Amino acid sequence: MLKVAFAALLVWGLFAQPVTAEENIHFSSCREAWENGYSDIHRGEPGYSSKLDRDGDGIACERANAPRGVFKPRQSGSQSSITVSGWVKQDGYWYYFAENGHAVRNAWQGSYYLKSDGKMATNEWVDGGRYYVDASGLWKP
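Quick note, the sequence shown lines up with residues -21 to -1, 1 to 120 if you use mature numbering (1 follows the signal peptide of the UniProt record, and there is no 0).
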């Protein structure tokens, strides 16, 4: 099922506007979630399960609990791996991953600007203060 979700992300990455991931995402463990680029999954978000919310605070697979090196923006398989590309919402922020699986930084993706940390800019001046993006991250000429 996860392979289907990530294949959908690849197709969705062709559009200039961010889109949400497939709603039907399930993980058998937090380790599986972290290895597939998911953390701090809030109740009601795709991938949330009360069995993964160990402290019952409404947030499953908290990134602070992930062992060092486990959290990755790609899904690994025993013989192959699928690289995440396109728009991904992670920890409440939008990121755009290139086909090589790396987050795009200091660059435009359509009408959206990605900052030095890879996060999509919102409500701020970007690109040397030349352009302003709104609350949705969109630059309107």
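Positions of the beta carbon are idealized from the N, C-alpha and C atoms, including for glycine. Just so you know, these numbers come straight off a predicted model, no measurement behind them.
- A distance below 8 angstroms between beta-carbons, with the five flanking residues on each side excluded, links Lys98 to the following residues of its chain, in chain order: Tyr72, Trp73, Tyr74.
- Inclusion of Ser95 and Phe76 in the CB contact set at 7 angstroms is not warranted, their separation being larger than that value.
- Counting only runs of 3+ residues, the beta strand (DSSP E) found wholly inside the segment 56 to 102 occupies 60 to 62, 65 to 69, 72 to 76, 86 to 88, 91 to 93, in chain order.
- Going by C-alpha positions, Ala82 is about 16 angstroms away from Glu14.
- The beta carbon of Trp104 is closer than 6 angstroms to those of Tyr111 in its chain, skipping five residues each way along the sequence.
- Within the same chain, Cβ atoms closer than 8 angstroms to the Cβ of Ala12 are found at Phe6, Ser18, Ile20, Gly26, Leu31, Ala39, Cys40, the five residues on either side in sequence being excluded.
- In the three-state DSSP reduction, Ala45 falls in the coil class, being neither helix nor strand.
- According to the DSSP assignment, Tyr111 belongs to the beta strand (DSSP E) that extends over 110 to 112.
- By the beta-carbon neighbour count (other beta carbons within 10 angstroms, threshold 16), Gly16 is buried.
- Between the C-alpha atoms of Cys9 and Asn79 there is a straight-line separation of about 25 angstroms.
- Within the model, the alpha-carbon separation for Asp113 versus Val67 is close to 19 angstroms.
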